[in-house]
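Student: Position 21 (the sequence shown) corresponds to 1135 in this note's numbering; numbering is contiguous.
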Amino acid sequence: MENTFLTVFRVSLFDTLYVTGSLILVGMILGLLENRANFYVQRAFGRKGILVTAWIGTPIHELGHLLMCYVFRHKITKLKLFTHKEKDGTLGYVNHSWNPKSLYQNIGNFFIGMGPIFSGTTALIIGMKLLLPDSFTRVANYLTLEPAQPDQYILTKIFALTAGLFQSIFSVENLFSLNFWIYFALAIAISSHIALSKEDLKGAGRGFVTILFFILLINLFALVFNADFSGLFAEILALNVYLVAFSMISIVFSLIRLVLSAFAYHLV
1115 MENTFLTVFR VSLFDTLYVT GSLILVGMIL GLLENRANFY VQRAFGRKGI
1165 LVTAWIGTPI HELGHLLMCY VFRHKITKLK LFTHKEKDGT LGYVNHSWNP
1215 KSLYQNIGNF FIGMGPIFSG TTALIIGMKL LLPDSFTRVA NYLTLEPAQP
1265 DQYILTKIFA LTAGLFQSIF SVENLFSLNF WIYFALAIAI SSHIALSKED
1315 LKGAGRGFVT ILFFILLINL FALVFNADFS GLFAEILALN VYLVAFSMIS
1365 IVFSLIRLVL SAFAYHLV
């Protein structure tokens, strides 16, 4: 019985990482890129260098938290989408409270913490739709979900989607378009502030534990009643493929910002 429970726990942990791992990985990568880029920007231009992009990127970051709070029925206690007057350097915040006895609201902590990845990625997609409609149309050709047996093609699908995205965005015709450079500037500003803060990760961690507990209950239920939920996890993973591919836009633009800020630092 003990060995059976340990097996179910290991499977549940794997399933939890299966569902949430892509978000966590993207958040960590963006955090590393943003922290290093901010180091160069502050050394080269001071706090004003951060504020150049913050007035666009920070509200989008905080809107991600805010919208997820509404989705998971958390109570907003204090909100500031953008400010440059906080003594501790905070540019924005969403303070919220929840019912610790509610499974739904506790799971929500993970998605609230990860909210900026959703809002930032969505903003990049909307920006592409409005400013680069031809590129968006070409990208849309890649968006046919095939949830069956995702293990067999997940990495191939991610690379194919990512390649299609950037081939569409950084085409020769776009490089001579004013709309492209407007989108480029907006994408840099948005990507510069998608990264998750320590408080974001702390809140997401609380939700991660609850998700693990919930999936553990599902797997125990499946074991006892011989139920099969593999199809549900397969569909969630298929959606994660597209989330990771679109998130790659944020990562690449964050890399571009890092290169530009490092260049400015060494130049100044």
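Ideal placement from N, C-alpha and C gives every residue a C-beta, glycine not left out. Just so you know, these numbers come straight off a predicted model, no measurement behind them.
Beta-carbon within less than 6 Å of M1362's beta-carbon, same chain only, minus the 5 sequence neighbours each way: which residues are those?
Tutor: As a working mapping, residue 1362 is identified with position 248 in the sequence shown. These residues qualify, in order along the chain: T1276.
Student: List in chain order: all unbroken alpha helix (DSSP H) runs of 4+ residues lying wholly within the stretch 1170 to 1258.
Tutor: Annotation: the stretch 1170 to 1258 contains the following complete segments of the alpha helix (DSSP H) (minimum length 4 residues), in chain order: 1217 to 1227, 1229 to 1245 and 1247 to 1254.
Student: On the premise that F1186 lies in contact with F1225, defined as a C-beta separation below 8 Å, what is that separation, rounded to the nearest angstrom?
Tutor: On the sequence shown, residue 1225 is found 111 positions in, with the first residue counted as 1. On the sequence shown, residue 1186 is found 72 positions in, with the first residue counted as 1. Approximately 7 Å separates the beta-carbon atoms of F1225 and F1186; this is inside 8 Å, confirming the contact.
Student: Going by C-alpha distance, which of G1317, G1171 and I1231 is nearest L1139?
Tutor: As a working mapping, residue 1139 is identified with position 25 in the sequence shown. The shortest Cα separation from L1139 among G1317, G1171 and I1231 belongs to I1231.
Student: CB-CB under 6 Å to G1241, same chain, minus the five flanking residues each way: which ones, in chain order?
Tutor: Numbered from 1 along the sequence shown, position 127 holds the residue referred to as residue 1241. Closer than 6 Å at the Cβ level, and outside the excluded window around G1241, lie Y1297 and L1300.
Student: Can you look up S1306 in the DSSP assignment and give me helix, strand or coil?
Tutor: In the sequence shown, the residue the question calls residue 1306 occupies position 192. For S1306, the three-state secondary structure derived from DSSP is coil.
Student: Kindly indicate which three-state DSSP category F1294 falls into: helix, strand or coil?
Tutor: Within the sequence shown, the letter at position 180 stands for residue 1294. Here F1294 sits in helix by DSSP.
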